[in-house]
DNA sequence: TTAAGTGCAAAAGATTTGCAGATCG
DNA sequence: CGATCTGCAAATCTTTTGCACTTAA
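Chains as they are written, first to last, in this note's numbering: chain A, 1 to 238; chain B, 239 to 476.
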C-alpha cells in the first residue's frame, strides 16, 4: 500500500505559501483551505465567519491582512461583481485566465473563458500604445433556470400560455406581456417599441435561430436570440 | 438674432430628469451638470466636494441617494475600477456601450469599444442558456506616456541605453534590466525565464512586429508586441 | 534570535437610515 | 396639498492601523 498523504491539502497549501516566499501560519493555511475547498466566491467577512468556526481566536484584521497579502503575492485573486452588495470576493489564482457571469436573480456565478480579450489588448496597443496587463470581464444577466422561472412567473400572472419570443416559430403571433432585461438593454427594447401589450409576429429565424426577425407596429426588426429570450409573449390563437 | 439659450445644460438636465420620471431638484441638476461637464470619472465623495462649492448646504446623504437613484433610473452609469482606491465612479449613461482602461501608474482612463463582447454573450447563450444583459470590461496596464517614462527611469537607474524588448531589431542582443507587468503576466514572464540579468536576443519580428520572437537561455520564445513592451533591455554593443 | 505575523481594540472610511422640515408638481 | 426630497446627525458596515505579544524559520 502506498503511503497515504494525511493532510494533502494542508501540505499543498504550505508548499504554495513557501513557493511564494510567505510564512506559513495556521491562519493562512486555514484561509486558503477554506477558499480552495469552498468552490464559491467568498468575501472577507464570509471568510472571517467561516474561519472563526475552526479557530475562534482568529481576528478580523488577520483575515483582511492575509487576503491582501495573498492577493499581492498572486496566490489569490480578488474579484469584483457589480451587483449589490458590492464587495470583493476571493478565489485561488488559477493559471488559466477566466471571467465571471453572475445571475441578477439568483446570484449564481458561472465562469467562462474569453480569448477575445487578447485581441482587444492588441488593438489598444496599436491604437493607443497602451499595454494591458490586467483584464476583468464581468457579465450579468439571467441564468437558464431563472429565465424559465421568469417565464413561469409571468404565465401565472397573466393566466395564459406565455412563451419567450425566442421560442416562437415563424408566422406565430402574440402579445408582449413582459419585457425583461436591465438598463441599456431594456431601454433599447423600449426604443424598438417592444412594450407590454404590443402585438408581435415572428417573421423568420436565421439558421441557428439567430437572429430572430419579427414585426411590431409595422416595423421589421430583429434581435439576437439571447435578447429575444427576455421578451415574454402570450400566444394568440388564430 | 436667435434667442440665446441661457442655461442650455440646466434645461437639458431638467428634461432628462422629467423624461425619466424623476423630480428635478436643484441638487439633482447640480450633480448631473457636474458629471456631464467634468468629463472625468468622479466618485461619490469627489462629487460631494465639488457640489459643496456650488451649494454649501448640500448633504452627503443627498449625493449618495441621488447617485443611487440616477443609476437605477438609467441616467447615470456606475463604474468600478479595480485599482486602489477601489470605489465606484459615475458617468452619464451614453447610448453607445463602452469600457475602460486605467493606467496603473498615472491613473489615466481611456475608453474603448469592445464589440467582441457581443460574441461572448452569444456563446454563453448557446452553451449555458444564459442571457447577458449587462457587461463590464475593465482593463488596466500602462499608457504610452508611462511606458516611455518607465523606460527612461530604468535607463537612469542602469546608466546605460535602455530600450524595450518590443523595439529591438532582429539580431540585436541585450541584457534584461527590468521586467514590468503585474500579477499573472509578470508570473508568466518569470516562467519564461525573462528575469533581470538574463541575456536576450531577438530572432525575428512578424510582419506587424507582432509577435516578437527571441532567444533566452537557449529557448526560442515569443511574446506579443504589447507584452514585449514591458521588458526593458540594456543593449549589448558587439 | 528576530523579522514577521497575530489578536485586540480603536480608528478611519464609505454608505445608509431615521426624522423633522422643505419643496416639487 | 401630498408625495417626495433634503439636510443633519447618528448608525452601519467594511477595512485599516497601532501596539503589545507570539511564532515561524
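All C-beta atoms in this analysis are idealised placements derived from N, C-alpha and C, irrespective of residue type, glycine included.
- Short of 8 Å from the beta carbon of residue 255 of chain B, and not among the five residues preceding or following it, lie these beta carbons of its own chain, in chain order: 261, 262, 266, 267, 270 and 313.
- Residue 91 of chain A places its beta carbon 8 Å or farther from that of residue 140 of chain A.
- In this structure, A:230 is the residue among A:222, A:69, A:104 and A:230 with its C-alpha nearest to the C-alpha of residue 163 of chain A.
- The beta carbon of residue 282 of chain B does not come within 8 Å of any beta carbon belonging to chain A, so the residue lies off that interface.
- At a cut-off of 8 Å between beta-carbon atoms, residue 303 of chain B makes no contact with chain A.
- Contact check for residue 337 of chain B and residue 369 of chain B: beta-carbon distance about 20 Å, past the 8 Å limit, so the pair fails to qualify.
- Among the CB atoms of chain B, one or more fall inside 8 Å of the CB of residue 74 of chain A.
- For residue 384 of chain B, the uninterrupted alpha helix (DSSP H) run begins and ends at 382-396, by DSSP.
- Within chain A, the residues 128, 129 and 130 have their CB atoms less than 7 Å from the CB of residue 382 of chain B, given in chain order.
- Residue 283 of chain B sits in a helix when the DSSP states are folded into three classes.
- Residue pairing by DSSP places residue 344 of chain B opposite no residue, since no beta bridge is assigned to it.
- In terms of beta-carbon proximity, residue 98 of chain A stays away from the interface with chain B, with every pair separated by 8 Å or more.
- Put simply, the backbone Cα of residue 60 of chain A is about 17 Å away from that of residue 78 of chain A.
- The three-state secondary structure of residue 468 of chain B, taken from DSSP, is coil.
- The beta-carbon distance between residue 63 of chain A and residue 72 of chain A, rounded to whole angstroms, is 15 Å. This is too long to meet the 8 Å contact definition.
- C-alpha of residue 20 of chain A to C-alpha of residue 396 of chain B: approximately 27 Å in a straight line.
- Residue range 199-205 is occupied by the beta strand (DSSP E) that includes residue 201 of chain A.
- Distances from the CA of residue 57 of chain A to each of A:67, A:104, A:26 and A:135 were compared; the closest alpha carbon is that of A:26.
- As the crow flies, the alpha-carbon of residue 196 of chain A is around 31 Å from that of residue 110 of chain A.
- In the three-state scheme derived from DSSP, where H, G and I count as helix and E and B as strand, residue 98 of chain A is classed as coil.
- If you compare the alpha carbons of B:274, B:382 and B:398 with that of residue 127 of chain A, the shortest gap goes to B:382.
- Under DSSP, residue 350 of chain B forms a beta bridge with B:337.
- For residue 20 of chain A, no CB of chain B lies under 8 Å from its own CB, so it is not counted at the interface with that chain.
- Beta-bridge analysis with DSSP links residue 318 of chain B to B:326.
- Counting only the Cα atoms, residue 409 of chain B lies some 53 Å from residue 47 of chain A.
- Listed in chain order, the non-local C-beta contacts of residue 121 of chain A below 6 Å within the same chain comprise 132, local neighbours out to five positions each way being set aside.
- Cβ contact annotation for residue 150 of chain A (same chain, cutoff 8 Å, sequence separation greater than five): 105, 142, 178, 180 and 232, in chain order.
- Annotation: residue 250 of chain B has no Cβ neighbours in chain A at a cutoff of 7 Å; minimum Cβ distance is about 18 Å.
- Contacts with chain B at 8 Å (Cβ-Cβ) include residue 121 of chain A.
- Residue range 60-72 is occupied by the alpha helix (DSSP H) that includes residue 63 of chain A.
- In the DSSP assignment, residue 452 of chain B is bridged to B:440 and B:459.
- At least one CB atom of chain B sits nearer than 8 Å to the CB of residue 114 of chain A.
- Burial is judged here by how many other beta carbons sit within 10 angstroms of a residue's own beta carbon; residue 174 of chain A has at least 16 and is buried.
- In this structure, the beta-carbon distance from residue 80 of chain A to residue 88 of chain A falls below 8 Å.
- It is roughly 42 Å from the alpha-carbon of residue 459 of chain B to the alpha-carbon of residue 280 of chain B.
- For residue 252 of chain B, the closest alpha carbon among the candidates B:293, B:276, B:277 and B:308 is that of B:308.
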